[in-house]
Structures are given as C-alpha cells and as structure tokens.
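Line by line, the protein sequences give chains H and E.
Each number in our numbering comes from the position in the first sequence (counting from 1) with 107 added on.
Each number in our numbering comes from the position in the second sequence (counting from 1) with 376 added on.
All C-beta atoms in this analysis are idealised placements derived from N, C-alpha and C, irrespective of residue type, glycine included.
These notes are about the structure you will find just below.
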Amino acid sequence: MDSMDMNHSLPFDADPIQPAAAAATGRRPDSPQFTDDPMLDRLYGVTLALITELAVTRTRLDTVEKLLARRELVAGEEIEGFTPDDSEAAARSRLQSEYLERVLRSLD
Amino acid sequence: MSYPAPWHTIGRHALLPAAEHDEMARFDIVAHLNARVAQRLAPKVREAYESRVLNAWWMRHGHEPADRHEVAAAMKQDPTYRAFSLVRRNTMEIRQHAGRTLVAREAERLRSAAQAANKGAATLRLDPTLDLPRYVTAVDTHLMQGGYTAERIADDVANAANYDAGMYATIGGSGGPWNDAAGRALVAWLKRHHPRFSPRCIVDLGCGLGHNTLPLREAFPDAEIIAVDVAAPMLRYGHARARARGFDDVQFLQADATATPLADSSADLVFSTMVLHETSRQALPKIFAEAHRLLRAGGLTLHLEQPPYRGLPAFEQFMRDWDGRFNNEPFWSALHETDCAALLAKSGFGSANVFESRCTAPPLGQPANSDEQHEDFGRAPAWYAVGAWQAAKGIAANG
Numbered sequence: 108m109d110s111m112d113m114n115h116s117l118p119f120d121a122d123p124i125q126p127a128a129a130a131a132t133g134r135r136p137d138s139p140q141f142t143d144d145p146m147l148d149r150l151y152g153v154t155l156a157l158i159t160e161l162a163v164t165r166t167r168l169d170t171v172e173k174l175l176a177r178r179e180l181v182a183g184e185e186i187e188g189f190t191p192d193d194s195e196a197a198a199r200s201r202l203q204s205e206y207l208e209r210v211l212r213s214l215d
Numbered sequence: 377m378s379y380p381a382p383w384h385t386i387g388r389h390a391l392l393p394a395a396e397h398d399e400m401a402r403f404d405i406v407a408h409l410n411a412r413v414a415q416r417l418a419p420k421v422r423e424a425y426e427s428r429v430l431n432a433w434w435m436r437h438g439h440e441p442a443d444r445h446e447v448a449a450a451m452k453q454d455p456t457y458r459a460f461s462l463v464r465r466n467t468m469e470i471r472q473h474a475g476r477t478l479v480a481r482e483a484e485r486l487r488s489a490a491q492a493a494n495k496g497a498a499t500l501r502l503d504p505t506l507d508l509p510r511y512v513t514a515v516d517t518h519l520m521q522g523g524y525t526a527e528r529i530a531d532d533v534a535n536a537a538n539y540d541a542g543m544y545a546t547i548g549g550s551g552g553p554w555n556d557a558a559g560r561a562l563v564a565w566l567k568r569h570h571p572r573f574s575p576r577c578i579v580d581l582g583c584g585l586g587h588n589t590l591p592l593r594e595a596f597p598d599a600e601i602i603a604v605d606v607a608a609p610m611l612r613y614g615h616a617r618a619r620a621r622g623f624d625d626v627q628f629l630q631a632d633a634t635a636t637p638l639a640d641s642s643a644d645l646v647f648s649t650m651v652l653h654e655t656s657r658q659a660l661p662k663i664f665a666e667a668h669r670l671l672r673a674g675g676l677t678l679h680l681e682q683p684p685y686r687g688l689p690a691f692e693q694f695m696r697d698w699d700g701r702f703n704n705e706p707f708w709s710a711l712h713e714t715d716c717a718a719l720l721a722k723s724g725f726g727s728a729n730v731f732e733s734r735c736t737a738p739p740l741g742q743p744a745n746s747d748e749q750h751e752d753f754g755r756a757p758a759w760y761a762v763g764a765w766q767a768a769k770g771i772a773a774n775g
C-alpha cells in the first residue's frame, strides 16, 4: 500500500520519464538509452515531440480552413493563391526571420 | 497502406474523457506514428538484420545468433534498430503524456460521473484491505504513470480513463470502437469451436476496465458475469463505463486472481485476455490453480495472449521482446518462454484436457485498421489461446 500512498503526492501530469517522478514513486528511473550519447537520445525525444506538435498545429489549421470553406468565407483556392500585400509581406518576413533566429539559435 | 482509425471514431460513453481538438489531433498522430513504426520501420529493422548485422555476426562468431539474446547483442549497435526503438519509445511516451494531460483536466468530472454511476451498486465490490501484488504496484506498466492502482484523489478513475482513451491511439483503433477485440475474439472462438457451450457463470481474471468482459455479456445474456481485478480505479471506471453502455448486471470485484473470494466449483468459464504477461512467475501457476478451483466439471479456462516464443525464429522473438525491454512489461519475456499448457496441466487440469489454439477478432465492418501484410509484433487483433477443460474434480484426466 505504500506506493499507493506516495502516488497521492504526484500531480496528474507528472512525467514518469523524469528521475524526480521516479524518485517520488519509489520506482526505478526507467528511461532506456538507445544510443551511445545521451544527448542524441534527448534530441530524438525533442524531435518526436516537435513532430507531434507540428502535426497537431497542421491539423488545427486544416480544421480552420475547412470551417472557413464550409461557411463559404474562404475557399481553398483563395488560400493557395494568396499573395500578401506589401505590409503583410513585411510582417511575414519578420516572422520568418524571427522564427529562424529561435530554432537555429544553438548553431550560432 | 491502411490508415489507423482517427480517435473521434472511438465508442462514446459518459465516462470517456472529452478530448478537445488538439488532444484528438495528438492521439491521431500517435496512431500514425505507431502504424509507421510497425509497417515501415520494423521491416527496415529486419532488412538491416538480414543484410548487415547477420553477416557481421557470422564473421565474428562463425555462426548465426543462436537465440534472441544473441540477436539482441548483434542488433544493439545497429542504427536502424536504434532509430526504430527511439521512435517507438518516444511515441509511447508522447501517447502517455497526451493521455495524462487529458485526464488531468478531466479528473474531477470523471470521478463525479463514476461516483454517480457506482453509488450504492451491489455489482461493484471493492476491498480496500486487499494486498496489492508487487508486480502491479512496482511498475508503471506501458509507461502509464502510477500504473493501474494509482489514486491521487479519493475515488480516482483518472488512469483508467487514460488507459481507455489512449489505448485507442496506441492500437490505432484496431480493437474496434470499444477496444474489445480480444473479448470478441474469445466469443468468436467459443461460438465456432463449441457452439453448444453455454456457461452459467463467467469469471474474467484481470479484467482491467472491462473492455473485453462486455462482449461475453452480449454473447451470453443469461450468464452471471464476474469481472475481477486488483486495481480499484480500473474497477470503478469499468463498472461505471459498463453501466453507461447499458450493461447493468456485470459484477466488478476487487480481488487477486490467485485467491478470489469466489466459491469452489462455481464457474463454467474462467478467462483472461492479455493479462498473464502482466503477472509474475510466482503468480502464474497460482492463477491457473485458482481457475481450476473455480471451475465446475465440464467448465473451461481460456487465456488469450501473444504467442509463446517457442518455435519462432530468434529474430522474431527479439522483435517481440521489445515491449518487455522498453514498454515496462517486466514479465513479458519470461511469460513467452513459459509453457503455459504444461503449467495448466500441472495445475490440476491434466495434460489430456489442455489445448492451444488461436483466436482472431471478427471484422466489424468498419475501416480495416491493421495491415495483415505486416507483422505488428504484438499489437494485431489476433491472439494465441491456451486453455483447459475441467474434468470431474479429483480425477486427473487420462483422455
């Protein structure tokens, strides 16, 4: 029963992968290492999470586009043929540049 | 190429966590990642083994890897296997995190819904004094944090809800909308091989949240059905879920499958689905002995599992071992090396009454979710079955 009692102290969204959670439950930290470099394992973890979240974002965008199309507010061709005006284009360029700053920061 | 069923096609009931848009999208990409791992990456691992790894092992040792342990040693450094494992493990972690954050948001609503459904019901019998087996409490099975027994709030059902919702993503809906393919496979096997078998009392050992119990209710409407598990959260959720689906008379009983409070010779069918590999070397023979104790003469015990390793090529054994190594199933490998038929025979049934078979879930007329061309190494809706008929008590069967 002791392990059940200890579970009470854990938040619902605690991560079983993190040693802190493993310690709190008295369970062994069980994250296996598949490569020779633990950083590479972590990089895979981050990459898979990014793949997942990008898919979530694309799905959400797809939902918005389909809703707009259903209500005949924006047709799919309008999105494909969209050309930003000058100020929109400038704002978008800034977004894109800032995005690369963020994701490539560690290569600087 | 077939696609996994999207999460929104899951069977809806009052206890199901209400996933929002992104939560569903997350489950959907998890299902796709798992399908990809099984259909695209696993064949690449085989290719790597056959084209590179096997040769290198030959050169060094002068023979093929003799068993799955040698295959594991040979494959350990292989980049294809490593990438396969990293994607598979991370997908499972992401699936668990997705389910965990979903039920965290819903925990109190789900608890209230379960409390309302369970209040005063004689069909839910919990035993707060039950000693929980260490093989259940010591491991976060399938990486589910806290495992089956975790209770973070009184009357908690969160992990059961996570299991219910997330399993649909893990297996891409291949268990049907109610995640009950093993139960349906068991019923189909009985109807096909023993159409006149009509059990009056059915016991499901290790029922979890009762996914695979309910098809038995549909198949045998007059039978008494007792679903047994050690985990109170699973039983609370399972009982409420059954009621929400209109199954009011299935009993959910908190007890250890090695020593239930049920009477000797009281059951006609004692079964389990994908449970034995989550027990232990010590518990397994006791579970079989308990089935023998519970069964009346002419009764049947039947256990659905992944197939034993015996007779499988070493490489396939190694691939099937993945869940044991990396999905927190510590008894997985040992179970699949155990001769369950022999163990049943020794548990009182006698070897003449023991049999092995294979069960497959009948198609549901919904989109096919598993590609039969590709071996899914443990997640396809087909099972190995091992069972035994109960002869008259005290008489070891001699055929």
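Can you give me the C-alpha to C-alpha distance between residue i and residue j, rounded to a whole angstrom?
| i | j | result |
| --- | --- | --- |
| residue 127/H | residue 421/E | Here residue 127/H scores only 41 on pLDDT, less than 50, and its place in the model should not be relied on; the value that follows carries that caveat. Whole-angstrom Cα-Cα distance: 34 Å. |
| residue 408/E | residue 168/H | 18 Å |
| residue 384/E | residue 400/E | 7 Å |
| residue 654/E | residue 708/E | 7 Å |
| residue 541/E | residue 731/E | 34 Å |
| residue 390/E | residue 617/E | 7 Å |
| residue 744/E | residue 381/E | Any reading at residue 744/E must be qualified, since the residue scores a pLDDT of 36, below 50, and its modelled position is unreliable; no value is offered. |
| residue 109/H | residue 430/E | Residue placement at residue 109/H is poorly supported in this model, since its pLDDT is 35, which falls under 50; the coordinates still yield a value, given next. Residue 109/H and residue 430/E: Cα-Cα distance of roughly 47 Å. |
| residue 163/H | residue 178/H | 23 Å |
| residue 663/E | residue 601/E | 18 Å |
| residue 145/H | residue 139/H | 10 Å |
| residue 211/H | residue 580/E | 55 Å |
| residue 388/E | residue 554/E | 8 Å |
| residue 207/H | residue 648/E | 54 Å |
| residue 577/E | residue 472/E | 36 Å |
| residue 603/E | residue 690/E | 36 Å |
| residue 142/H | residue 462/E | 9 Å |
| residue 202/H | residue 194/H | 12 Å |
| residue 437/E | residue 446/E | 11 Å |
| residue 443/E | residue 398/E | 44 Å |
| residue 597/E | residue 552/E | 21 Å |
| residue 155/H | residue 467/E | 7 Å |
| residue 694/E | residue 688/E | 10 Å |
| residue 424/E | residue 457/E | 8 Å |
How would you write the range of the alpha helix (DSSP H) that residue i sits in, first residue to last?
| i | result |
| --- | --- |
| residue 408/E | 397-412 |
| residue 551/E | No alpha helix (DSSP H) contains residue 551/E, which DSSP labels as neither H nor E. |
| residue 203/H | 193-210 |
| residue 181/H | Here residue 181/H belongs to no alpha helix (DSSP H), and DSSP marks it neither H nor E. |
| residue 585/E | Per DSSP, residue 585/E belongs to no alpha helix (DSSP H) and is neither H nor E. |
| residue 699/E | 698-702 |
| residue 666/E | 659-670 |
| residue 491/E | 455-494 |
| residue 643/E | Segment 643-649 is the beta strand (DSSP E) holding residue 643/E; no alpha helix (DSSP H) there. |
Taking residue i as the query, report the chain H residues whose CB atoms sit under 7 Å from its CB, ordered along the chain.
| i | result |
| --- | --- |
| residue 702/E | 139 |
| residue 397/E | 167, 170 |
For a contact defined as C-beta to C-beta under 8 Å, what are the partners of residue i on chain E?
| i | result |
| --- | --- |
| residue 148/H | 462 |
With respect to the beta strand (DSSP E) encompassing residue i, which residues constitute its N-terminal and C-terminal limits?
| i | result |
| --- | --- |
| residue 171/H | Per DSSP, residue 171/H belongs to no beta strand (DSSP E); it is in the alpha helix (DSSP H), 145-177. |
| residue 764/E | 758-765 |
| residue 635/E | Segment: none, residue 635/E is in no beta strand (DSSP E) and carries neither H nor E. |
| residue 732/E | 730-736 |
| residue 600/E | 600-605 |
| residue 629/E | 627-630 |
Quick one: which chain H residues come within Cβ less than 8 Å of residue i?
| i | result |
| --- | --- |
| residue 404/E | 162, 166 |
| residue 401/E | 162, 163, 166, 167 |
Would you say residue i touches the ligand SAH, meaning its beta carbon is less than 8 Å from a heavy atom?
| i | result |
| --- | --- |
| residue 484/E | The ligand SAH is absent from the structure shown, which contains no ligand whatsoever. |
Starting from residue i, find everything on chain E with Cβ-Cβ shorter than 7 Å and list it in chain order.
| i | result |
| --- | --- |
| residue 142/H | 458 |
| residue 151/H | 462, 466 |
Could you list which residues in chain H have their beta carbon closer than 9 Å to that of residue i, in chain order?
| i | result |
| --- | --- |
| residue 828/E | Nothing about residue 828/E can be reported from this structure: the residues present for chain E run from 377 to 775 only. |
| residue 418/E | Under the 9 Å cutoff, chain H gives no residues; its nearest Cβ is about 15 Å from residue 418/E. |
What residues from the segment 573-597 of chain E come within 7 Å of chain H, judged by C-beta to C-beta, listed N to C? none
Which residues, in chain order, does the segment 156-177 of chain H contribute to contact with chain E at a C-beta distance below 7 Å? 156, 159, 162, 163, 166, 167, 170
Pull out every residue of the segment 539-559 of chain E whose Cβ sits closer than 7 Å to any Cβ of chain H, in chain order. none
Under 7 Å (Cβ pairs) to chain H, residues found in the segment 655-682 of chain E: none
For the 8 Å Cβ check, are there 3 or more pairs between the segment 625-644 of chain E and the segment 479-492 of chain E? no
Interface positions of the segment 464-475 of chain E facing chain H (Cβ-Cβ less than 9 Å), listed along the chain: 465, 466, 467, 469, 470, 472, 473, 474
Evaluate the contact criterion for the segment 517-529 of chain E versus the segment 601-608 of chain E: three or more CB pairs, one atom per stretch, below 8 Å. yes
When you check each C-beta in the segment 417-440 of chain E against every C-beta of chain H, which residues fall closer than 7 Å? none
Counting Cβ pairs, one atom from each stretch, are 3 or more of them under 8 Å apart for the segment 181-195 of chain H and the segment 471-489 of chain E? no
Of the residues that make up the segment 708-734 of chain E, which ones have a beta carbon closer than 9 Å to any beta carbon in chain H? none
Under 8 Å: do the segment 670-677 of chain E and the segment 760-767 of chain E share three or more Cβ pairs, one atom per stretch? yes
Could you tell me whether the segment 532-539 of chain E touches the segment 472-481 of chain E, using the rule of 3 or more Cβ pairs below 8 Å? yes
Should the segment 551-565 of chain E be regarded as contacting the segment 503-520 of chain E, the criterion being three or more beta carbon pairs within less than 8 Å? no
Is it the case that the segment 497-504 of chain E contacts the segment 618-627 of chain E, given that we only count it when at least three CB pairs across the two stretches are under 8 Å? yes
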